[in-house]
């Protein structure tokens with residue numbers, strides 16, 4: 013079973029709409045989360061990180077984290093066709109495993125003009 | 010932006026063959042990683058290292074060896090390649106374990 017579960021598997025939103033992506037870790041040793049974005053045929057690139065409970069906003073992107081439930085969500089407002097990509101959630105902890113980053117399978121976002 | 014260079018970009022080998030994938034980073038990063046990406050499985054960690062001569066086992070290490078010869082260079086070795094190792098392989102690096110990870114462009118390996 014995946015230690016990092018993402019939902020939905022795929023998502024279609026209209027241009028200008030809001031996209032909401034979810035991610036939960038089943039590993040209680042997780043301390044922080046990252047969101048990466050991977051356009052088709054490209055390598056993943058970091059979008060946002062969140063280490064503390066609460067919310068973090070960068071432009072059109074907002075990330076929430078609830079450490080008690082090990083749940084994070086990514087919200088993209090005013091979605092653009094260029095946001096169409098695979099969104100990967102990753103989790104890691106400060107334990108003896110040396111901060112290894114574990115990725116979920118991803119959410120495939122398609123923004124339709 | 011941090012540079013991670015993988016070679017080769019594409020490789021075809023036969024079952025039972027030897028393959029070495031190379032990765033070099035020029036960012037003075039301490040951590041380097043090898044991932045494989047497969048449909049339905051996402052990115053899975055094979056091996057990683059936090060310095061020259063160091064090696065840590067990832068989540069899917071079977072059939073793979075890795076070696077970190079210098080701060081810059083990290084190699085992935087498949088000594089008896091099997092069709093199940095057909096995949097897209099990414100090398101990545103980060104300054105520390107909890108800082109941004111930068112990915113190379115990937116190596117597509119096909120084992121026939």
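Protein chains in written order, with our numbering: chain F, 13 to 125; chain X, 10 to 121.
Glycine included, every Cβ here is placed at the ideal spot set by N, Cα and C.
- Is there at least one Cβ from chain F nearer than 9 Å to residue 52/X's Cβ? Yes, residue 52/X counts as interfacial toward chain F.
- Message: Pairs of beta-carbons, one from the segment 91 to 103 of chain F and one from the segment 43 to 57 of chain F, closer than 8 Å: are there three or more?
- Response: yes
- Item | Per-residue contacts from residue 55/F into chain X (C-beta, under 8 Å) | Correct list: 99, 112, 113, 114 and 115.
- Taking Cβ positions only, does residue 73/F come closer than 9 Å to chain X? no
- Message: Using beta carbons (cut-off 9 Å, strictly below), is residue 44/X in contact with chain F?
- Response: yes
- Query: Using a beta-carbon distance below 9 Å, is residue 68/X in contact with chain F?
  - Reply: At a cut-off of 9 Å, the C-beta of residue 68/X has a neighbouring C-beta in chain F.
- Are the C-beta atoms of residue 38/F and some chain A residue less than 9 Å apart? The structure shown contains no chain A; its protein chains are F and X.
- Query: Closest to residue 88/X by CA distance: which of 64/X, 70/X and 99/X is it?
  - Reply: 70/X
- Query: In or out: residue 113/X buried (at least 16 other Cβ within 10 Å) or exposed?
  - Reply: buried
- Message: Would residue 122/F and residue 30/F be called neighbours here (beta carbons separated by less than 9 Å)?
- Response: no
- Item | Inter-residue CB distance, residue 42/X and residue 57/X (contact presumed, cutoff 8 Å) | 4 Å
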